[in-house]
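Visitor: Quick one: the structure is below, and I'll ask about it shortly.
Numbering (full-length UniProt numbering), first residue to last: 1 to 449.
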């Protein structure tokens with residue numbers, strides 16, 4: 001079973017103006033999918049700009065364990081020699097997905113309609129997360145699962161060799177659930193249909209089309225309907241991974257709250273199912289210019305010019321939650337430095353991420369002198385103004401990379417240093433975070449070991 005390594009306490013201190021270029025890593029969502037679709041294609045897929053964080057590396061190991069040939073050529077360049085849809089083989093050992101909810105749920109989908117069993121596990125954080133939201137719809141294909149109470153990992157998925165296509169309406173907005181069902185449908189005859197009431201990130205649909213699958217998306221009275229025709233022969237591709245908007249959020253938000261800052265963040269994905277944070281920041285008064293808009297790897301991207309801004313609190317529309325669900329922790333930090341109140345509703349999905357992110361951020365913000373309110377589906381932050389956040393606390397991260405980075409960003413503008421009990425999870429998604437922020441002029445240090 002995967003464990004969690006030695007904690008790495010970290011501290012950030014008040015910074016002078018941030019400046020320079022922040023070249024953030026490749027998009028994590030697209031990196032996972034590039035490896036998986038490459039493994040399900042026939043022939044060699046070449047990937048440039050792959051995020052080499054631990055989450056994605058665990059997915060690469062899983063694809064190799066299922067029979068694909070996965071090669072690291074260095075500097076973010078990888079190749080995958082795929083085995084075709086339905087070509088996976090039974091792995092010799094347990095598939096360990098570490099900290100990655102995306103990785104495990106997508107991989108469950110792609111093996112669900114193969115006639116063998118796979119056992120999945122993860123670290124202490126992942127093993128607490130609910131998997132029933134994926135195993136329940138996969139059961140409609142004929143897949144069986146045996147796990148701990150609540151459908152938690154470790155869990156064994158028994159695939160079916162006699163799959164039937166399904167029609168499934170997602171009960172909550174979740175790109176992971178949608179993608180798992182579509183991946184299972186690849187090896188089922190006929191048409192698999194997913195209906196979601198609110199549109200979620202569409203990287204799976206975009207990339208499936210790019211690899212040659214027939215995927216039709218349409219607006220229906222129930223919401224968004226995605227129809228996949230099963231048993232395609234996926235064709236290998238050359239995939240250029242755009243830079244991750246979720247990772248870009250940290251230097252962007254740091255520049256907005258550190259007085260005098262002016263940075264450039266190049267090549268950031270502007271996929272409309274992922275850019276809710278940036279829309280929200282602009283509404284709060286952020287000075288962000290979207291320069292040189294273009295398309296890379298089938299995804300819209302732009303260079304972000306970001307300058308320090310005096311921000312105001314707003315109410316974030318609940319309908320925007322699906323497009324920025326991973327960014328609410330860092331938004332709550334930005335809201336702490338704004339004038340007025342920021343209201344975030346429709347965010348209950350945060351309670352079942354790597355940690356209960358609403359609770360984790362609320363407790364840490366309170367420790368740093370910020371007034372908050374919360375309920376099951378809401379987080380309200382009463383801003384302290386540009387220079388009013390006290391800081392001076394050590395915040396618990398709960399083995400959650402986004403909680404760790406959010407509080408470290410807070411320390412860059414707070415009156416007193418902000419520490420986190422464990423920064424080691426940052427490596428799962430943003431392994432160059434410390435160096436990149438230091439190059440911009442931030443003061444982040446490891447405080448033990």
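We put the CB at the ideal spot given by N, CA and C, even for glycine.
CB residue 391 to CB residue 313, shorter than 7 Å?
Guide: No. Outside cutoff.
Visitor: Which whole-angstrom value is the C-beta distance of residue 311 and residue 346, which I expect to be below 8 Å?
Guide: Contact between residue 311 and residue 346 is absent: CB atoms are separated by about 21 Å, not below the 8 Å threshold.
Visitor: Evaluate residue 449 with the Cβ neighbour count: other Cβ atoms within 10 Å of its Cβ, from every protein chain shown; 16 or more gives buried, anything less gives exposed.
Guide: Because the pLDDT of residue 449 is 48, which lies under 50, any placement of that residue in the model is unreliable, and the number read from its coordinates should be weighed accordingly. Label assigned to residue 449: exposed.
Visitor: Is it the case that the Cβ atoms of residue 482 and residue 47 are separated by a distance below 7 Å?
Guide: It is not possible to answer for residue 482, since the shown part of the chain is limited to 1 through 449.
Visitor: Using three-state DSSP, classify residue 449 as helix, strand or coil.
Guide: With a pLDDT of 48 at residue 449, under the threshold of 50, the modelled position of that residue is not reliable, and no figure is offered here.
Visitor: Closer than 8 Å is the cut-off here; do at least three beta carbon pairs connect the segment 143-152 with the segment 205-222?
Guide: no
Visitor: Which residue's Cα is closest to the Cα of residue 53: 201, 28, 44, 192?
Guide: 28
Visitor: Taking the C-alpha atoms as reference points, what is the distance between residue 266 and residue 15?
Guide: 22 Å
Visitor: What does the alpha-carbon distance come out to for the pair residue 430 and residue 105?
Guide: CA-to-CA, the gap between residue 430 and residue 105 works out to about 21 Å.
Visitor: From what residue to what residue does the alpha helix (DSSP H) around residue 437 run?
Guide: 433-440
Visitor: Measure the C-alpha to C-alpha separation of residue 157 and residue 166 and round it to an integer number of angstroms.
Guide: 18 Å
Visitor: So which of 159, 175, 330, 195 has the shortest CA-CA distance to residue 184?
Guide: 159
Visitor: Quick one: what does DSSP say residue 96 is sitting in, helix, strand or coil?
Guide: Three-state DSSP puts residue 96 in a strand.
Visitor: Rounded to whole angstroms, what is the Cα-Cα separation between residue 120 and residue 262?
Guide: 44 Å
Visitor: Does the Cβ of residue 327 have 16 or more other Cβ atoms within 10 Å, making it buried, or fewer, making it exposed?
Guide: buried
Visitor: Check residue 130 in the structure and name its three-state DSSP category.
Guide: In the displayed model, residue 130 falls within coil according to three-state DSSP, outside both helix and strand.
Visitor: Can you tell me where the alpha helix (DSSP H) holding residue 208 begins and where it ends?
Guide: 203-210
Visitor: Of all the options 94, 198, 36, 418, which has the alpha carbon lying nearest to the alpha carbon of residue 365?
Guide: Among 94, 198, 36, 418, the Cα nearest to that of residue 365 is on 418.
Visitor: Could you tell me which of 307, 321, 362 sits nearest to residue 332, measuring between CA atoms?
Guide: Considering only alpha carbons, the answer is 362.
Visitor: Mind listing, in chain order, the continuous beta strand (DSSP E) runs of no fewer than 3 residues lying wholly within the segment 298-322?
Guide: As far as the segment 298-322 is concerned, its whole beta strand (DSSP E) runs of at least 3 residues are 299-307.
Visitor: So, is residue 73 buried or exposed, given that buried needs 16 or more other C-beta atoms within 10 angstroms?
Guide: exposed
Visitor: Between which residues of its own chain and residue 320 is the CB-CB distance below 6 Å, once the five residues before and five after are set aside?
Guide: 276
Visitor: How big is the Cα-Cα spacing for residue 12 and residue 134?
Guide: 38 Å
Visitor: Round the Cβ separation of residue 330 and residue 241 to the nearest angstrom and send it over; I've been treating them as touching at under 8 Å.
Guide: Contact flag wrong, Cβ pair sits at about 21 Å.
Visitor: Helix, strand or coil for residue 250, going by three-state DSSP, please let me know.
Guide: helix
Visitor: For the 8 Å Cβ check, are there 3 or more pairs between the segment 249-259 and the segment 228-237?
Guide: Touching, no.
Visitor: Assign residue 400 to buried or exposed, taking buried as 16 or more other Cβ atoms, counted over all protein chains shown, within 10 Å of its Cβ.
Guide: buried
Visitor: Apart from the five residues on each side of it in sequence, which residues of its chain come closer than 7 Å, Cβ to Cβ, to residue 7?
Guide: 421, 422, 424
Visitor: Where do the N-terminal and C-terminal ends of the beta strand (DSSP E) with residue 74 fall, by residue?
Guide: 69-74
Visitor: Between the C-alpha atoms of residue 226 and residue 214, what's the straight-line distance to the nearest angstrom?
Guide: So the alpha carbons of these two residues sit roughly 10 Å apart.
Visitor: With a 10 Å radius around its C-beta and 16 neighbouring C-beta atoms as the bar for buried, classify residue 93 as buried or exposed.
Guide: exposed
Visitor: How is residue 458 classed by DSSP in three states: helix, strand or coil?
Guide: Not covered by the structure: residue 458. The range shown for the chain is 1 to 449.
Visitor: Within 10 angstroms of its Cβ, does residue 438 collect 16 or more other Cβ (buried), or is it exposed?
Guide: exposed
Visitor: Measure the alpha-carbon distance for residue 397 versus residue 355 and round it to whole angstroms.
Guide: 8 Å
Visitor: With a 10 Å radius around its C-beta and 16 neighbouring C-beta atoms as the bar for buried, classify residue 45 as buried or exposed.
Guide: Its Cβ being crowded by 16 or more others within 10 Å, residue 45 is buried.
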